[in-house]
Ligand code: ATP
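In the UniProt record's numbering, the protein residues as written are 6 to 375.
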C-alpha cells in the first residue's frame, strides 16, 4: 500500500475546505487535501494558482479565511509558526554570510538551546547527510551554488521537522546541477523520513521527485495522483495539456458499447475509436488526449489499426534518439507523433511534405470531457 491508499494510515496534513481570500480575491477555493507521512508531495501549477499561499498557510504565515488545517491531527488555527513542527526552505537560501557552513547549520539548534554534545552530533549528522563534511569551515561565498543549496537543506532539517516545505528549492541552479540535486533531495527525503512538500513551476522536476503531484489551477486542485497516473490518465484537458506534450483532438462523442466511444472529429472522415469509463452523452463534445509517443508513423496504411489517419508532414523536431513529426490531417488539425531515429529510418527518412499514416490503439488516448 502507498500511504494514501492505506486505510489504516492517518494523514500528517489535512486541508479541510480551506478558502483563502485576500480582499475579495479568492486565492484558495474550498480546497480539501490529505498529505501523508513520508510523502514527497508536489504542488504544480501556473503562476498565481495559489501554491505559495498553501505553503504559507502550512507554515503559519497566513491563516485560512475559512476551513481548517490540521497537522498530526491538531488544528493549527492558533498555533504560531515557531510552534509548528514545520520548516520552510526558501528559494533565496538566506544563509548567514558571516557564519561558516557548520555555524549556519547549528544556528537554529543553538537558539533552541540544545546541549552542546547533542548539537555537535546533530550538525555532523546533517553534514554527512548532505555530503558537506569537508566544507564545514567555509563561508557561504566560498562554496558553489549547489553546495549552498545543500547547506540550506541541512539547516532546515537540523531541527528534525515533521514537515519540510520547499519553495522552488532548485530554482537558482543550472539545469544539470538541478537534475543531480533532484536525486539528492529524494535520497535525503527517504533517509530522514521527513514529509516534503515542494512547490515548483517545473513539471519535469515535480514528476521526478514526487510521490504524488497535485496539479493546481486558480486556487483549486484539478488532480492529485502519482506522476505516472497524472501522465497516463489525466482527468481533464487542463491536466493533460499542463503535463508534457499532448495532442488534443476534439469531436462529438457517440457511445458504441459500455465503455467504447466514437469521436467524430471531422465531417466525412471515419471517427476515432476510444475507450473510457467516463460517461459521455451522445452528441456531447469529447476530447481525445494522446501523447506523441503513443502514435505510430508509417509510410503505408497500417493493417488492422483501430485508428488510422493520413496526413502530411509539415514540421520535424529532431531530438537525437527520436524525432517529433508534426502531421497535418484533414480539417487542418496538426498532430504530433514521435518515431525513433534508426539508421534505416534516417536513410529512408520521413521528411517535409511526406504523406504518412498515423495510427494508434483503442487505449492509447484518454477520452476527456470539457
Ligand atoms: P508563483 O508560481 O508565481 O509563485 P503561486 O501559485 O505561488 O504563484 P501565490 O503566491 O500563492 O501563487 O498567489 C496566489 C494568488 O493570490 C495570486 O493571484 C496573488 O496575486 C494573490 N496573493 C498572494 N498573496 C497575496 C496578498 N498578500 N495580498 C493580495 N493578494 C495576494
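Ideal placement from N, C-alpha and C gives every residue a C-beta, glycine not left out.
Computed from a predicted model, the values in this text were never measured in an experiment.
- The continuous beta strand (DSSP E) containing residue 322 extends over residues 312–323.
- Within the same chain, 36, 38, 219 and 220 come within 8 Å of residue 226 by CB-CB distance, once the 5 residues on both sides are set aside.
- Around residue 158, the same chain offers 94, 135, 174, 190 and 193 as residues with beta carbons nearer than 8 Å, after the five sequence neighbours per side are excluded.
- By the C-beta density criterion, residue 52 is exposed, having fewer than 16 other C-beta atoms within 10 angstroms.
- Taking a cut-off of 8 Å for Cβ pairs, the region 199–206 and the region 56–66 touch, as three or more such pairs fall below it.
- Under a 10 Å Cβ-count criterion, residue 211 is classified as buried, with 16 or more other Cβ atoms of the shown protein chains found around its own Cβ.
- Rounded to the nearest angstrom, the Cβ distance from residue 33 to residue 200 is 20 Å, too far for a contact under 8 Å.
- With respect to residue 164, residue 124 sits apart: the two C-beta atoms are not nearer than 8 Å.
- In the three-state reduction of the DSSP assignment, residue 305 falls in the coil class, being assigned neither a helical nor a strand state.
- Between residue 334 and residue 292, the gap from beta carbon to beta carbon reaches 8 Å or more.
- Residue 345 has its CB no nearer than 7 Å to any heavy atom of the ligand ATP.
- CA-to-CA, the gap between residue 279 and residue 317 works out to about 23 Å.
- In this structure, the C-beta of residue 58 approaches the ligand ATP to less than 7 Å from one of its heavy atoms.
- Pairing residue 17 with residue 170 gives a Cβ-Cβ distance that is not under 8 Å.
- Rounded to whole angstroms, residue 120 and residue 156 show a C-alpha spacing of 22 Å.
- At a threshold of 7 Å, residue 206 counts as near the ligand ATP, since its beta carbon sits closer than that to one of the ligand's heavy atoms.
- For residue 270, no alpha helix (DSSP H) encloses it, and the DSSP letter there is neither H nor E.
- With fewer than 16 other Cβ atoms inside 10 Å of its own Cβ, residue 79 counts as exposed.
- Collapsing the DSSP output to three states places residue 131 in a helix.
- Membership of residue 161 in any beta strand (DSSP E) is not indicated; the residue belongs instead to the alpha helix (DSSP H) covering 150–163.
- Between the region 306–313 and the region 323–330, the count of Cβ pairs shorter than 8 Å is below three; the stretches do not touch.
- In this model, residue 105 and residue 144 are separated by some 4 Å (Cα to Cα).
- Contact between the region 244–253 and the region 288–305 is established, with three or more Cβ pairs separated by less than 8 Å.
- Taking 7 Å as the cut-off, one finds at least one heavy atom of the ligand ATP near enough to the beta carbon of residue 30.
- Residue state for residue 360 is assigned as strand, using DSSP reduced to three classes.
- Separation of residue 188 and residue 117 (C-alpha to C-alpha, rounded to the nearest whole angstrom) is 31 Å.
- Non-local beta-carbon contacts of residue 288 in its own chain, meaning distances under 8 Å to residues more than five positions away in sequence, involve 257, 258 and 259 in chain order.
- The beta carbon of residue 307 sits closer than 7 Å to those of 301, 313, 362 and 364, all from its chain and outside the five residues before and after it, given in chain order.
- For residue 15 and residue 45, the gap between their C-alpha atoms comes out near 16 Å.
- Under DSSP, residue 12 shares a beta bridge with no residue.
- Within a 10 Å sphere around the beta-carbon of residue 13 sit fewer than 16 other beta-carbons, which makes this residue exposed.
- Counting only unbroken stretches of 3 or more residues, the beta strand (DSSP E) elements lying wholly within the region 179–215 are 200–205, in sequence order.
- A heavy atom of the ligand ATP is found nearer than 7 Å to the CB of residue 27.
- Burial check for residue 68: the Cβ neighbour count within 10 Å stays below 16, so the residue is exposed.
- Note that the C-beta distance between residue 61 and residue 198 is not below 8 Å.
- According to DSSP, residue pairing for residue 372 in a beta bridge involves 293.
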